[in-house]
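Enquirer: Sharing a structure below in structure tokens format, with a few things to ask.
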Amino acid sequence: MKSVIKDRFIKGRTLDELKDLMLELGEQKFRAEQIFNWMYNHLAFDYDQMVNIPKSLRNKLKENYDIAALEKVTSEYSASTGTEKYLFKTFDNRNIESVVIPDKDRKTLCISTQVGCPLDCKFCATGLMGYKRNLTAGEIVDQYLLASKDYGAKEITNIVYMGMGEPLLNFEETIKSLQIFTNELSTGLSRNRITVSTSGIPHKIKELADSGLRVKLALSLHSAFEDIRSKIMPINEKYSLKQNLDAIKYYAKTTKTRITFEYTMLEGINDREEDIKGLIKICASVPSKINIIPFNSIKHMNPDGISAELEPTPFHKIQLFADKLRDKNITVMLRDTQGDDIAAACGQLAVKF
Ligand code: SF4
26 MKSVIKDRFI
36 KGRTLDELKD
46 LMLELGEQKF
56 RAEQIFNWMY
66 NHLAFDYDQM
76 VNIPKSLRNK
86 LKENYDIAAL
96 EKVTSEYSAS
106 TGTEKYLFKT
116 FDNRNIESVV
126 IPDKDRKTLC
136 ISTQVGCPLD
146 CKFCATGLMG
156 YKRNLTAGEI
166 VDQYLLASKD
176 YGAKEITNIV
186 YMGMGEPLLN
196 FEETIKSLQI
206 FTNELSTGLS
216 RNRITVSTSG
226 IPHKIKELAD
236 SGLRVKLALS
246 LHSAFEDIRS
256 KIMPINEKYS
266 LKQNLDAIKY
276 YAKTTKTRIT
286 FEYTMLEGIN
296 DREEDIKGLI
306 KICASVPSKI
316 NIIPFNSIKH
326 MNPDGISAEL
336 EPTPFHKIQL
346 FADKLRDKNI
356 TVMLRDTQGD
366 DIAAACGQLA
376 VKF
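Residues 26 to 378 in this note's numbering are what the sequence shown lists, from first letter to last.
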């Protein structure tokens, strides 16, 4: 499947791979830089826009490689928050979603790395969908390019790998997409405006640290305790919190960046006094901040088991929780429930595939 996709689409190749392709096609290497720049900087979705590329090469590319890795099906706009949810279709008729989230002077695009997700986090609609396949780097990058076509070049200022799927379980293609995004001939996005969010795959966190990409890392923490974390995130049985804390310390030290902890507030599960104490201890062990996320309903997925029992912590209690952490000099961001009216809020992305 992967090689079929790779052979058919031009996008998703790193600059070096594109240079190899040019040589295979009997062309000069520098053409790769021009094509790369057209696709990722100038948002070209038509080879004929590439006016400095000879017509013979454009024709060769047209005949052999599709330029769009995804097709935009529709987008849904929330007038109350300005959030916009995109539905994209892959060449094999899979559906994926991405969300544009405006906030003061920035627009963040939340992108997907898999069709569905195999990890079954109990508070997440995507987890309830199951898993179909990994996305290619071209499909990951095209979510940004297609949304940027609507919003205008450079209008999307930040990217978070926090949509459908676990990016570090699609490691190779995630890395390639990061190499494309951060290349100087590409989008112009600086690496500190790109965040990879993971549920915690410790050996891959270390590999990402060693990759030299130095993007920001977020760990979906959701509990400071192993047993509770295992209850709401089954992956914790395989990769413990302790292993992940070791890995993120390595990441912070190697990349000299601060880790973000994602923390979805679930009533009676992770919003107690001992949870505050647990978080204070963890935050003291690594340069970090906490992103508190109000739990967004997943009732539209008709969940069962523990997922059906989850309730959001009331907002006044969340504020108190955040204040107690701030009293200990911890940086706490309190995220709005942006886009819950269009099921685009954190943890709500789900489509039929
Ligand atoms: S929270 Fe992330 S890792 Fe967990 S099921 Fe949802 S998409 Fe997958």
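Ideal Cβ placement from N, Cα and C applies to all residues, glycine included.
Buried or exposed: where does Glu-19 fall if 16 or more other Cβ atoms within 10 Å of its Cβ makes it buried?
Expert: Since the first and last residues shown for the chain are 26 and 378, residue 19 lies out of range.
Enquirer: With hydrogens ignored, establish whether the beta-carbon of Glu-191 is closer than 6 Å to any heavy atom of the ligand SF4.
Expert: Glu-191 Cβ: within cutoff of the ligand SF4.
Enquirer: What three-state label does DSSP hand Gln-139 in the structure shown?
Expert: Note: Gln-139 maps to strand in three-state DSSP.
Enquirer: Anyone know if the C-beta pair for Thr-20 and Tyr-186 falls short of 7 Å?
Expert: Absent from the model: residue 20. The displayed extent of the chain is 26 to 378, so no value can be given.
Enquirer: Suppose you measure from the CA of Leu-238 to the CA of Ala-69; what does that come to, to the nearest Å?
Expert: Taking the straight line joining both Cα atoms gives about 25 Å.
Enquirer: With respect to 6 Å, is the separation between the Cβ of Thr-151 and the closest non-hydrogen atom of the ligand SF4 below this value?
Expert: Under cutoff, so the answer is yes.
Enquirer: With distances taken from CA atoms, which of Ser-248, Tyr-276 and Arg-254 is nearest Lys-232?
Expert: For the record, residue 232 in the displayed sequence is Glu; it is not Lys. Measuring from the Cα of Glu-232, the nearest candidate turns out to be Tyr-276.
Enquirer: Thr-161: buried (16+ other C-beta within 10 angstroms of its C-beta) or exposed?
Expert: Under this definition Thr-161 is a buried residue.
Enquirer: Just checking Ser-224 against the ligand SF4 - is the residue's beta carbon closer than 6 Å to any of the ligand's heavy atoms?
Expert: Result yes, Cβ under 6 Å from the ligand SF4.
Enquirer: Compute the minimum distance between the beta carbon of Cys-308 and the heavy atoms of the ligand SF4, and state whether it is under 6 Å.
Expert: Not under cutoff, so the answer is no.
Enquirer: Thr-39 and Ile-260 look like a contact to me (Cβ under 8 Å); what is the Cβ gap, rounded to whole Å?
Expert: Actually they do not touch by this definition, with Cβ atoms about 29 Å apart.
Enquirer: Return the bridge partner residues of Tyr-186 from the DSSP annotation.
Expert: Tyr-186 pairs with Val-221.
Enquirer: Cβ-heavy atom distance between Cys-146 and the ligand SF4 below 6 Å?
Expert: True, at least one ligand heavy atom lies under 6 Å from that Cβ.
Enquirer: May I have the straight-line CA-CA distance separating Ile-318 from Arg-360, to the nearest angstrom?
Expert: The straight-line gap from Cα to Cα measures roughly 5 Å.
Enquirer: So the candidates are Lys-342, Ile-305, Ser-236 and Leu-134; which of them puts its Cα closest to the Cα of Phe-320?
Expert: Of Lys-342, Ile-305, Ser-236 and Leu-134, the residue nearest in Cα terms is Lys-342.
Enquirer: Using a Cβ-Cβ cutoff of less than 8 Å, which residues in the same chain neighbour Ser-211 once the five nearest sequence positions on both sides are dropped?
Expert: Within the same chain, Ser-211 has close Cβ partners Phe-61, Asn-62, Tyr-65, Asn-66 and Ile-205.
Enquirer: Which residue wins for smallest C-alpha separation from Ala-178, given the options Thr-207, Leu-214 and Cys-149?
Expert: Among Thr-207, Leu-214 and Cys-149, the Cα nearest to that of Ala-178 belongs to Leu-214.
Enquirer: When every heavy atom of the ligand SF4 is checked, does at least one fall within less than 6 Å of the C-beta of Cys-142?
Expert: Within the cutoff, so yes.
Enquirer: Compute the distance between the beta-carbons of Pro-227 and Gln-268, then report whether it is under 7 Å.
Expert: For Pro-227 and Gln-268, yes; Cβs fall inside 7 Å.
Enquirer: Is the Cβ-Cβ distance between Glu-164 and Leu-95 less than 7 Å?
Expert: Against a cut-off of 7 Å, the Cβ pair of Leu-95 and Glu-164 comes out as a contact.
Enquirer: Taking Arg-158 as part of the alpha helix (DSSP H), name the residues at either end of that continuous run.
Expert: That residue, Arg-158, is in no alpha helix (DSSP H); its beta strand (DSSP E) goes 156-159.
Enquirer: Going by DSSP in three states, Leu-359 sits in which element: helix, strand or coil?
Expert: Here Leu-359 sits in strand by DSSP.
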